[in-house]
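J.:
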Amino acid sequence: MKIAAPGNIDGKILCSAIAGSVAATTGLVAGKKIKTQNQDFNKDFGIWGRVSSAEFQATQNISKIDRFKINPNNKIYILSGSSGVGKDTILKTFLSKHPEFKLSVSHTTRPIRPGEVNGVDYYFVKDEDFYHGMENGEFLEWAIFSGNYYGTKKDSLKYMLEKTDNVILKLDTKGALKVKKLIPEAVLIFVAPPSLEELEARLRGRNTESEEAIQKRLSAIKTEMKNAEKFDYKIVNDTIDNAVESLENILVPKD
Ligand code: 5GP
0 MKIAAPGNID GKILCSAIAG SVAATTGLVA GKKIKTQNQD FNKDFGIWGR VSSAEFQATQ
60 NISKIDRFKI NPNNKIYILS GSSGVGKDTI LKTFLSKHPE FKLSVSHTTR PIRPGEVNGV
120 DYYFVKDEDF YHGMENGEFL EWAIFSGNYY GTKKDSLKYM LEKTDNVILK LDTKGALKVK
180 KLIPEAVLIF VAPPSLEELE ARLRGRNTES EEAIQKRLSA IKTEMKNAEK FDYKIVNDTI
240 DNAVESLENI LVPKD
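In case it helps, numbering that gives the first Met the number 0 puts the sequence shown at residues 0 to 254.
Below, the structure written as structure tokens:
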């Protein structure tokens, strides 16, 4: 993983390189051999028998899906980061400065939040519509997060790639690693908070969710951080300006 920093020293962007890769592994769930997305899956769930049926389904889906082919001029970037880390603000600022990049719009079953727009932030759909899409193999990847479904439809991504060469996906880290497996050219970027305490304060400050929902999100953070070790880049959101500059260093590097 490279740590992308906003500034540069002696003309060099502050990056330290650590190679990242997604290794496939196999294991047993309910007596069946399955292929999982990465080795951390094993560690995340501890014992194979404790894997939930949804996760089991997700791993089954992966082995059935063919590689998603993109044109040589297409570039796919995936931005991940724990909830409340400020991905949305960073992205909005970046996209307003670089209209040649477009954000892929995911489908979700979670309720719409104040200020969000259907078709812009997400396609907000009913559970049954999401299940229907899953059954028909319409999703490149999907995940359950805090009890809600989120997924990237293959057609939505194809449509975006027809409109622009540069598409950004905003996914959780597991989704990002799934997509990397299907589209190895995708570049994975993790947005980290300056500290875990700050992230918790931001989550509470949003005032949009119950305590239970916040606790669920906090417990997911550890896993996110661990998955992020396999990412290509990490940027720290200490200030929005710095984080946007770090993102620019990766997506639109200066000569
Ligand atoms: P939020 O509810 O805060 O908008 O998003 C919750 C989490 O779901 C975030 O980590 C976000 O990046 C992730 N997410 C959004 N869309 C997708 C998607 O299509 N697939 C996956 N795997 N994660 C998604």
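Glycine residues also receive a C-beta, built at the ideal position from the N, C-alpha and C atoms. Nothing here was measured: the structure is a model prediction, and the numbers come from that model.
(1) Within the continuous alpha helix (DSSP H) that includes L198, where are the two ends?
(2) Pull up the DSSP beta-bridge partners for A191, would you.
(3) Alpha carbon to alpha carbon, how far is K101 from M159? Give it in angstroms, no decimals.
(4) Could you spell out the range, first to last residue, of the beta strand (DSSP E) harbouring S79?
(5) Between V124 and V116, what straight-line distance do the alpha-carbon atoms span, to the nearest angstrom?
(6) Select from E244, V251, K1, P183 the residue whose C-alpha is nearest the C-alpha of T88.
(7) Under 9 Å between the Cβ atoms of V235 and A200?
(8) Are the Cβ atoms of Y121 and H106 separated by less than 9 Å?
(9) Under the assumption that G174 contacts E223 (Cβ atoms under 8 Å), give the Cβ distance between them as a whole number of angstroms.
(10) Suppose you measure from the CA of D154 to the CA of L170; what does that come to, to the nearest Å?
(11) Is T238 buried or exposed, if buried means 16 or more other CB atoms sit within 10 Å of its CB?
(12) Using three-state DSSP, classify E247 as helix, strand or coil.
(13) For K157 and D164, I'd like the C-alpha separation in whole angstroms.
(14) Could you name the residues of the same chain whose beta carbon sits closer than 6 Å to that of E161, not counting the 5 residues immediately before and after it, in chain order?
(15) Just to check my reading of the structure: E184 and I77 have Cβ atoms closer than 8 Å, yes? What is that Cβ distance to the nearest angstrom?
(16) Which term fits R255, buried or exposed, when burial requires 16 or more other beta carbons within 10 angstroms of its beta carbon?
(17) Pull the bridge partners of T151 from the DSSP assignment, please.
T.: Considering the structure as presented:
(1) As a position in the sequence shown, residue 198 is number 199, starting the count at 1. Run containing L198: 195–205, per the alpha helix (DSSP H) assignment.
(2) Taking the first residue of the sequence shown as 1, we reach residue 191 at position 192. In the DSSP assignment, A191 is bridged to V235.
(3) The residue you call residue 159 lines up with position 160 of the sequence shown. The residue you call residue 101 lines up with position 102 of the sequence shown. Cα to Cα, the separation comes out at about 7 Å.
(4) The count along the sequence shown starts at 1 and reaches residue 79 at position 80. Run containing S79: 74–80, per the beta strand (DSSP E) assignment.
(5) Taking the first residue of the sequence shown as 1, we reach residue 124 at position 125. Taking the first residue of the sequence shown as 1, we reach residue 116 at position 117. V124 and V116: Cα-Cα distance of roughly 13 Å.
(6) By one-based count along the sequence shown, residue 88 stands at place 89. For the residues E244, V251, K1, P183, the minimum Cα distance to T88 belongs to E244.
(7) Counting from 1 along the sequence shown, the entry for residue 235 is found at position 236. Counting from 1 along the sequence shown, the entry for residue 200 is found at position 201. Result no, Cβ atoms of V235 and A200 do not sit closer than 9 Å.
(8) Taking the sequence shown and counting its residues from 1, the one referred to as residue 121 is at position 122. Taking the sequence shown and counting its residues from 1, the one referred to as residue 106 is at position 107. At a Cβ-Cβ threshold of 9 Å, Y121 and H106 count as neighbours.
(9) For the purposes of this step, residue 174 is taken as residue 175 along the sequence shown, with counting starting at 1. For the purposes of this step, residue 223 is taken as residue 224 along the sequence shown, with counting starting at 1. By a beta-carbon distance limit of 8 Å, G174 does not contact E223. Their separation comes to about 11 Å.
(10) Position 155 of the sequence shown, counted from the first residue, corresponds to residue 154. Position 171 of the sequence shown, counted from the first residue, corresponds to residue 170. So the two alpha carbons sit approximately 17 Å from each other.
(11) By one-based count along the sequence shown, residue 238 stands at place 239. By the 10 Å Cβ count, T238 comes out exposed.
(12) Along the sequence shown, read from residue 1 onward, the residue named residue 247 stands at position 248. It is helical.
(13) As a working mapping, residue 157 is identified with position 158 in the sequence shown. As a working mapping, residue 164 is identified with position 165 in the sequence shown. Their Cα atoms are separated by approximately 11 Å.
(14) Here residue 161 refers to the residue found at position 162 when the sequence shown is read from its first residue. Non-local C-beta neighbours of E161 in its own chain, meaning closer than 6 Å and more than five positions away in sequence, are absent.
(15) Here residue 184 refers to the residue found at position 185 of the sequence shown. Here residue 77 refers to the residue found at position 78 of the sequence shown. Wrong, their Cβ atoms sit about 11 Å apart, outside the cutoff.
(16) Nothing can be reported for residue 255: it is not among the residues displayed for the chain, which extend from 0 to 254.
(17) As a first step, residue 151 is located in the sequence shown; it is residue number 152 there, counting from the start. Its beta-bridge partners are E140.
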